[in-house]
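Trainee: Below are the structure tokens for one structure; questions will follow.
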DNA sequence: TATTATCCTATTAAATCGATAGGAATTAAA
DNA sequence: TTTAATTCCTATCGATTTAATAGGATAATA
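Chains as they are written, first to last, in our numbering: chain A, 2 to 137; chain L, 2 to 137.
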């Protein structure tokens, strides 16, 4: 299940992607428009800034803005920052790989086999969808 | 992320699917073979029996067995019983649909749009993979 | 009757999630 | 130079979920 953090994060990023200019948008504006708890959204945007996706400006007229063109931000990046691994099990994860301790032979594991297929497909979608695609 | 319950459940089902005969297999046999906590596995198999996937027999020589031919058990069934919804958000779920309370217009929602694609692909894989496929 | 299993309910420790609180730091405008 | 607006940061909290364990009830076999 997708966490609310991820859900809200995507909505906020799409909101920012829809801005023609790159003027800062205040947290409260986004939170009202998207029905997201202001404080919660604050922490989400902060983490997206720390991870290099957003820029921010303090003080009056401040807010958050995208650092790159929406069409250059694939959903793989967004999902990994917000939700973490795209794979459903660590043993098929590209960026967060971990061996299972119960599993002796990864090649022979049914879960591994199945979830590898799912990951490949999901990855394909996220790679080929950008923030720009979602904001049209 | 896949829960251990689901992971263990799939492994146990595949183990049972590999049995040529339909003789009952004891929990402890599976738990040792697959490195799964015996008590935890017990509760998992019990729930699979209550949901009509497994049969059981008590007492000496007892255990669990599949009620159907592995090739007639698609992973959609298995996943829904063990993990619940296949969709990453309730608003794109076929069997567990729920409206988001923050979302006014589902059609216009970027998360909905994206996760619908993911669900379609994942569903396709689960529909076209049976327990028999995984036990080869 | 003894033994071997599943059945059932309850409990628990740890982790995660979603949200909130309150003030520090910074910037723009009056 | 002051005031208002806004992000920044850390800490905390309650609720839920997860993974696992415990212990006895029930049933089947030999």
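Glycine included, each C-beta is placed from N, C-alpha and C at the ideal position.
(1) Under 8 Å, CB to CB, which of the residues in the stretch 31-63 of chain L have a partner in chain A?
(2) Please state whether the Cβ-Cβ distance between residue 31 of chain L and residue 65 of chain L is less than 9 Å.
(3) At 9 Å on the CB atoms, spell out the chain L contacts of residue 96 of chain A, in chain order.
(4) Is there a Cβ of chain L sitting closer than 9 Å to that of residue 115 of chain A, yes or no?
(5) Just to confirm my understanding: we take residue 107 of chain A, look at its own chain, exclude 5 residues before and 5 after, and list those with CB closer than 7 Å. What are they?
(6) Residues in the same chain with beta-carbon distance under 7 Å from residue 39 of chain A, minus the five sequence neighbours each way, listed in chain order, please.
(7) Can you tell me the Cα-Cα spacing of residue 135 of chain L and residue 115 of chain A, whole angstroms?
(8) Enumerate, from N- to C-terminal direction, the unbroken beta strand (DSSP E) stretches of 3 or more residues contained entirely within the stretch 57-109 of chain L.
(9) Would residue 15 of chain L count as contacting chain A if we go by Cβ distances under 9 Å?
(10) Are the stretch 11-22 of chain A and the stretch 118-136 of chain A touching by the rule of at least three beta carbon pairs closer than 8 Å?
(11) Between residue 50 of chain L and residue 44 of chain L, how many whole angstroms is the CB-CB distance? I'm expecting something under 8 Å.
(12) Reducing DSSP to helix, strand and coil, say where residue 3 of chain A ends up.
(13) Just the Cα atoms here: how many angstroms apart are residue 3 of chain A and residue 61 of chain L?
(14) Give the range of the alpha helix (DSSP H) segment to which residue 21 of chain A is assigned.
(15) Below 7 Å between beta carbons is the criterion; list the residues of the stretch 63-81 of chain L that meet it against any residue of chain A, in chain order.
(16) When the Cα atoms are used, what is the spatial distance from residue 105 of chain A to residue 36 of chain L?
(17) Would you verify that the beta carbon of residue 105 of chain L is, or is not, closer than 9 Å to some beta carbon of chain A?
(18) Any idea which residues DSSP pairs residue 131 of chain L with across the strands?
(19) So which residues on chain A does residue 123 of chain L lean against when the C-beta distance must stay under 8 Å?
(20) Quick one: list the residues of chain A neighbouring residue 135 of chain L, beta-carbon separation under 8 Å, in chain order.
(21) Roughly how many angstroms lie between the CA atoms of residue 70 of chain L and residue 18 of chain L, to the nearest whole one?
(22) Chain A partners of residue 130 of chain L, CB-CB under 8 Å?
Mentor: Walking through what the data contain:
(1) Listed by position, the residues of the stretch 31-63 of chain L near chain A (Cβ gap below 8 Å) are 35, 36 and 37.
(2) Working through the second chain from its first residue, we reach residue 31 of chain L at position 30. Working through the second chain from its first residue, we reach residue 65 of chain L at position 64. Yes, they are a contact pair.
(3) By one-based count along the first chain, residue 96 of chain A stands at place 95. The premise fails here: residue 96 of chain A is roughly 14 Å from chain L at the closest Cβ pair, so nothing lies under 9 Å.
(4) Residue numbering aside, residue 115 of chain A sits at position 114 when the first chain is read from its first letter. With 9 Å as the cut-off, residue 115 of chain A counts as an interface residue toward chain L.
(5) To locate residue 107 of chain A, count along the first chain from 1; it is residue 106. The answer, listed in chain order, is 92 and 113.
(6) Mapped onto the first chain, residue 39 of chain A falls at position 38. Excluding five sequence positions before and after residue 39 of chain A, the CB atoms of its chain that fall closer than 7 Å to its own CB belong to 28, 29 and 32, given in chain order.
(7) Counting from 1 along the second chain, the entry for residue 135 of chain L is found at position 134. Counting from 1 along the first chain, the entry for residue 115 of chain A is found at position 114. Rounded to the nearest angstrom, the gap between the Cα atoms of residue 135 of chain L and residue 115 of chain A is 8 Å.
(8) Runs of the beta strand (DSSP E) lying entirely within the stretch 57-109 of chain L and spanning at least 3 residues, in chain order: 64-67.
(9) Numbered from its first residue, the second chain carries residue 15 of chain L at position 14. Yes, residue 15 of chain L counts as interfacial toward chain A.
(10) Per the Cβ contact rule, the stretch 11-22 of chain A is in contact with the stretch 118-136 of chain A (3 or more Cβ pairs under 8 Å).
(11) The residue you call residue 50 of chain L lines up with position 49 of the second chain. The residue you call residue 44 of chain L lines up with position 43 of the second chain. In this structure residue 50 of chain L does not touch residue 44 of chain L by the C-beta definition: roughly 11 Å separates them, more than the 8 Å allowed.
(12) Looking up residue 3 of chain A in the first chain gives position 2. Here residue 3 of chain A sits in coil by DSSP.
(13) As a first step, residue 3 of chain A must be located in the first chain, where it is residue number 2. As a first step, residue 61 of chain L must be located in the second chain, where it is residue number 60. Distance from the CA of residue 3 of chain A to the CA of residue 61 of chain L, rounded to the nearest whole angstrom, comes to 44 Å.
(14) Working through the first chain from its first residue, we reach residue 21 of chain A at position 20. First-last for residue 21 of chain A: undefined, no H or E at that position.
(15) The residues in question are 76.
(16) As a working mapping, residue 105 of chain A is identified with position 104 in the first chain. As a working mapping, residue 36 of chain L is identified with position 35 in the second chain. Approximately 9 Å between the Cα atoms of the pair.
(17) As a working note, residue 105 of chain L is residue 104 in the second chain. Closer than 9 Å to some Cβ of chain A, the Cβ of residue 105 of chain L qualifies, so yes.
(18) Working through the second chain from its first residue, we reach residue 131 of chain L at position 130. Answer by DSSP bridge pairing, in chain order: L:75.
(19) Here residue 123 of chain L is taken as the residue at index 122 of the second chain, counted from 1. Listed along the chain, the chain A residues whose CB falls inside 8 Å of the CB of residue 123 of chain L are 119, 122 and 123.
(20) Residue mapping note: residue 135 of chain L aligns to position 134 of the second chain, counting from 1. Contact note: residue 135 of chain L reaches chain A through 111, 114 and 115, using a C-beta cutoff of 8 Å and chain order.
(21) One-based indexing of the second chain puts residue 70 of chain L at position 69. One-based indexing of the second chain puts residue 18 of chain L at position 17. Roughly 8 Å between the two C-alpha positions.
(22) Your numbering for residue 130 of chain L matches position 129 in the second chain. Within chain A, the residues near residue 130 of chain L are 115 and 118.
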